[in-house]
Amino acid sequence: MFENDLFASNLAGLDLLIKYGSADANVPPWNSRDMAMVVNGWNRRSGLEGKVKVAEVPGRPHWWDTFFSEDDVQDAIEAACSADKKSGYRMPEAPQNFTLTVFNPAEAGSKGGWRITEVDIPGRLAKLEVRYTAGRVEAGADVHDGFIDVIARNVRRIELNAGILRRSSPGSVSSSKPTKISIKLNGQVTQADTSNADRISFVRSKQGVWKVLTGDDMTALSSAARPIGPQLRIVTSKGPMVLIVPSKGPAAEIEAWKRVARRFAADMLLYGAINSQIFTDDEFRASTREEHLKHSNIVTLGGPSLNAFTRTVLANWPNESPIRFPSPDKSAQFEIQGRSFYEDGTTLLTLAPHPSYEEGLTLVAHGIGLGGISRAARLLPTRTGTMIPEWIVTDKSAEWMGEGGIQAAGWYDRKWGWSESMSHVQ
Numbered sequence: 001m002f003e004n005d006l007f008a009s010n011l012a013g014l015d016l017l018i019k020y021g022s023a024d025a026n027v028p029p030w031n032s033r034d035m036a037m038v039v040n041g042w043n044r045r046s047g048l049e050g051k052v053k054v055a056e057v058p059g060r061p062h063w064w065d066t067f068f069s070e071d072d073v074q075d076a077i078e079a080a081c082s083a084d085k086k087s088g089y090r091m092p093e094a095p096q097n098f099t100l101t102v103f104n105p106a107e108a109g110s111k112g113g114w115r116i117t118e119v120d121i122p123g124r125l126a127k128l129e130v131r132y133t134a135g136r137v138e139a140g141a142d143v144h145d146g147f148i149d150v151i152a153r154n155v156r157r158i159e160l161n162a163g164i165l166r167r168s169s170p171g172s173v174s175s176s177k178p179t180k181i182s183i184k185l186n187g188q189v190t191q192a193d194t195s196n197a198d199r200i201s202f203v204r205s206k207q208g209v210w211k212v213l214t215g216d217d218m219t220a221l222s223s224a225a226r227p228i229g230p231q232l233r234i235v236t237s238k239g240p241m242v243l244i245v246p247s248k249g250p251a252a253e254i255e256a257w258k259r260v261a262r263r264f265a266a267d268m269l270l271y272g273a274i275n276s277q278i279f280t281d282d283e284f285r286a287s288t289r290e291e292h293l294k295h296s297n298i299v300t301l302g303g304p305s306l307n308a309f310t311r312t313v314l315a316n317w318p319n320e321s322p323i324r325f326p327s328p329d330k331s332a333q334f335e336i337q338g339r340s341f342y343e344d345g346t347t348l349l350t351l352a353p354h355p356s357y358e359e360g361l362t363l364v365a366h367g368i369g370l371g372g373i374s375r376a377a378r379l380l381p382t383r384t385g386t387m388i389p390e391w392i393v394t395d396k397s398a399e400w401m402g403e404g405g406i407q408a409a410g411w412y413d414r415k416w417g418w419s420e421s422m423s424h425v426q
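Per full-length UniProt numbering, residue 1 is the first one in the sequence shown, and the count goes up by one each step.
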């Protein structure tokens, strides 16, 4: 997601130089000033001052050639150099209290050693509020001196790097019992033993109870979280994008999907310098899949009645797919939560699990008739402004109603099932 102000809490405690030209015609100067103000607000909540410096250069545009050679920029870069570049470097101490905000764990790192590795409800922000406390907390007969009070919202799994915690956390915690860490997580008090492991995982059960995992337990009991949307994440392919078009069906529709594939491949190269490979479903089935799918996201164009690979994707859904095709071999009609979509001009775009690469994604584009194919082509995500959720259905009314033409849209749950709270069907 690109609403940067939502994630400003992650910058608290870091020394920042925000420098821009007063004549910036790309990013308005007020945008940079506003971002500095928001980050300063989070710093004040953590009891910090003077962490953000704002430099507005009169008359300068969005970019100028001497930017990186100017003294204040060089000083900021030198101050932020890592240990292998700068002798005597010490990791910045985490604030006494801070908030980590994450939308997609796969695109977010850690703060002070804390990392959200799985959200509870995809499509919603997840937050981790951490407060280091020098006081005491009681857990039954045990009394813990110096503990960490953590409040987790929309979080199912957390990972803590105890080594980073000891190096970057306030002294009251980092020096207290170096092999044991006392944590109060959503009111549940626990003590984690780090004598044999530097990484600790906290997993929340359906009943809301947090379980502490270390060492081999983390590997045995912690399956990887599924990759989540929005649909724009399909372009984060580490390898060349694989585009699969149908080979059998009405000639006009087959040719239309091939044009869509060529245009999408050109856009990927133009806007993201991403290479693409285009196959028909017959060619792809006959090829060595492992060679083409390693680290590559997939876009399959055409519904299951046209594209054999789309049929395979839907048939191999981890659970029962919330989007159902009653006659996938013969008809373009589909159903979502009891509503049937069959009219010419209707379009469905949905993310789907990757067949072999657990970090990868598949995007299915389905259009009913030539009008639906044309509309699907316009919905394919190519640039950062296209924030479409994990699945969406539009029809002909979108031509004159715009967003009002969205007939259904939403997110899947964390296991690719129906998410009641994050989905809408008209």
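The C-beta atom is built at its ideal place from N, Cα and C for all residues, glycine as well. Quick caveat, the model's predicted, so the values are computed rather than measured.
Ignoring anything shorter than 4 residues or poking outside the segment 189-256, list the alpha helix (DSSP H) runs there in chain order.
-> 216-221
Any idea what DSSP makes of residue 53, helix, strand or coil?
-> Counting from 1 along the sequence shown, the entry for residue 53 is found at position 53. In this structure, residue 53 counts as strand in the three-state DSSP scheme.
Is the beta carbon of residue 128 less than 8 Å from the beta carbon of residue 165?
-> Residue numbering aside, residue 128 sits at position 128 when the sequence shown is read from its first letter. Residue numbering aside, residue 165 sits at position 165 when the sequence shown is read from its first letter. Not closer than 8 Å, so no.
Just checking, does the segment 263-279 make contact with the segment 330-340 on the three C-beta pairs under 8 Å criterion?
-> no
If you compare alpha carbons, which of 274, 318, 320, 304 is closest to residue 349?
-> Residue 349 sits at position 349 when you count from the first residue of the sequence shown. Nearest C-alpha to residue 349: 304.
How about residue 417: is its C-beta nearer than 8 Å to some C-beta of chain B?
-> In the structure shown, chain B does not exist; there is a single protein chain.
Look at the alpha carbon of residue 192 and the alpha carbon of residue 112, and state the distance between them as a whole number of angstroms.
-> As a first step, residue 192 must be located in the sequence shown, where it is residue number 192. As a first step, residue 112 must be located in the sequence shown, where it is residue number 112. Going by the C-alpha atoms only, they are around 17 Å apart.
Return yes when the Cβ of residue 122 is within less than 8 Å of the Cβ of residue 414, no when it is not.
-> The residue given as residue 414 occupies position 414 in the sequence shown. The residue given as residue 122 occupies position 122 in the sequence shown. Contact: yes.
Span of the alpha helix (DSSP H), counted from its first residue to its last, around residue 45 = In the sequence shown, counting from the first residue as 1, residue 45 sits at position 45. Residue 45 -> alpha helix (DSSP H) spans 29-45.
Relative to the C-alpha of residue 272, which residue among 410, 69, 343, 381 is closest?
-> If you number the sequence shown from 1, residue 272 lands on position 272. If we check each option's Cα against that of residue 272, 381 comes out closest.
When the Cα of residue 299 is compared with those of 190, 320, 262, 326, which residue comes out closest?
-> Translated into positions along the sequence shown, residue 299 becomes position 299. Looking at the Cα atoms, 262 is the closest of the given residues.
Would you mind sorting residue 141 into buried or exposed? The rule is 16 or more other CB atoms within 10 Å of its CB.
-> Along the sequence shown, read from residue 1 onward, the residue named residue 141 stands at position 141. Legend: pLDDT at residue 141 = 49, less than 50; position of this residue unreliable, value from coordinates given subsequently. So residue 141 ends up on the exposed side.
Which value, in whole angstroms, describes the spacing of the CA atoms of residue 266 and residue 241?
-> Here residue 266 refers to the residue found at position 266 when the sequence shown is read from its first residue. Here residue 241 refers to the residue found at position 241 when the sequence shown is read from its first residue. Straight-line measurement puts the Cα of residue 241 at about 12 Å from the Cα of residue 266.
Of the listed residues 411, 36, 328, nearest to residue 229 (C-alpha basis) = For the purposes of this step, residue 229 is identified with residue 229 of the sequence shown, where counting begins at 1. In terms of Cα proximity to residue 229, the closest of 411, 36, 328 is 411.
Flag this pair as touching only if the segment 231-248 and the segment 199-208 have three or more C-beta atom pairs under 8 Å; answer yes or no.
-> Touching, no.
Spatial distance of residue 109 from residue 343 (CA atoms) | Taking the first residue of the sequence shown as position 1, residue 109 is located at position 109. Taking the first residue of the sequence shown as position 1, residue 343 is located at position 343. Between the C-alpha atoms of residue 109 and residue 343 there is a straight-line separation of about 44 Å.
Between residue 77 and the rest of its own chain, which residues show a CB-CB distance below 6 Å, the 5 nearest in sequence each way excluded?
-> Stepping through the sequence shown from its first residue, residue 77 is reached at position 77. Around residue 77: no qualifying Cβ.
Kindly give me the distance between the Cβ atoms of residue 225 and residue 157, rounded to whole angstroms, as I take these residues to be in contact under 8 Å.
-> Taking the first residue of the sequence shown as position 1, residue 225 is located at position 225. Taking the first residue of the sequence shown as position 1, residue 157 is located at position 157. Confirmed, about 7 Å.
Mind reading off the beta-carbon distance from residue 376 to residue 366? Whole number of angstroms is fine, and I expect it under 8 Å.
-> In the sequence shown, counting from the first residue as 1, residue 376 sits at position 376. In the sequence shown, counting from the first residue as 1, residue 366 sits at position 366. Distance from residue 376 to residue 366 at the Cβ level is roughly 7 Å; contact confirmed, criterion being Cβ atoms closer than 8 Å.
Reducing DSSP to helix, strand and coil, say where residue 306 ends up.
-> Locating residue 306 in the sequence shown gives position 306, where the first residue counts as 1. The answer is coil: DSSP assigns residue 306 none of H, G, I, E or B.
Of the choices 97, 23, 51, 420, whose alpha-carbon is the least far from that of residue 80?
-> Here residue 80 refers to the residue found at position 80 when the sequence shown is read from its first residue. For the residues 97, 23, 51, 420, the minimum Cα distance to residue 80 belongs to 51.
Near residue 465, which residues of its chain fall below 6 Å by C-beta distance, leaving aside the five closest residues on each side in sequence?
-> Any answer about residue 465 is impossible in this case: the structure gives the chain only from 1 up to 426.
Applying the criterion that 16 or more other CB atoms from any shown protein chain within 10 Å of the CB defines a buried residue, is residue 346 buried or exposed?
-> The residue labelled residue 346 in the question sits at position 346 within the sequence shown. Burial call: buried.
What number of angstroms, rounded off, separates the C-alpha of residue 53 from the C-alpha of residue 7?
-> The residue labelled residue 53 in the question sits at position 53 within the sequence shown. The residue labelled residue 7 in the question sits at position 7 within the sequence shown. Residue 53 and residue 7 have their C-alpha atoms some 19 Å from each other.
Quickly, what does DSSP pair residue 424 with across the bridge? List them, please.
-> For this step, residue 424 is matched to residue 424 along the sequence shown. Note: residue 424 sits in a beta bridge opposite 409.
Applying the criterion that 16 or more other CB atoms from any shown protein chain within 10 Å of the CB defines a buried residue, is residue 316 buried or exposed?
-> Within the sequence shown, residue 316 is the residue found at index 316, counting from 1. Label assigned to residue 316: exposed.
Cα-Cα separation, residue 248 to residue 330 | By one-based count along the sequence shown, residue 248 stands at place 248. By one-based count along the sequence shown, residue 330 stands at place 330. Cα to Cα, residue 248 sits roughly 12 Å from residue 330.
Would you kindly check if the distance between the Cβ of residue 18 and the Cβ of residue 32 is under 8 Å?
-> Position 32 of the sequence shown, counted from the first residue, corresponds to residue 32. Position 18 of the sequence shown, counted from the first residue, corresponds to residue 18. Going by C-beta atoms, residue 32 is nearer than 8 Å to residue 18.
By a C-beta neighbour count over all protein chains shown, 10 Å radius and 16 as the cutoff for buried, is residue 175 buried or exposed?
-> The residue you call residue 175 lines up with position 175 of the sequence shown. Annotation note: pLDDT 47 at residue 175 (below 50); position unreliable, no value reported.
Buried or exposed: where does residue 364 fall if 16 or more other Cβ atoms within 10 Å of its Cβ makes it buried?
-> Here residue 364 is taken as the residue at index 364 of the sequence shown, counted from 1. Looking at its Cβ environment, which holds 16 or more other Cβ atoms inside 10 Å, residue 364 is buried.
Beta-carbon separation of residue 389 and residue 409 under 8 Å?
-> Here residue 389 refers to the residue found at position 389 of the sequence shown. Here residue 409 refers to the residue found at position 409 of the sequence shown. Yes, Cβ-Cβ distance for residue 389 and residue 409 is below 8 Å.
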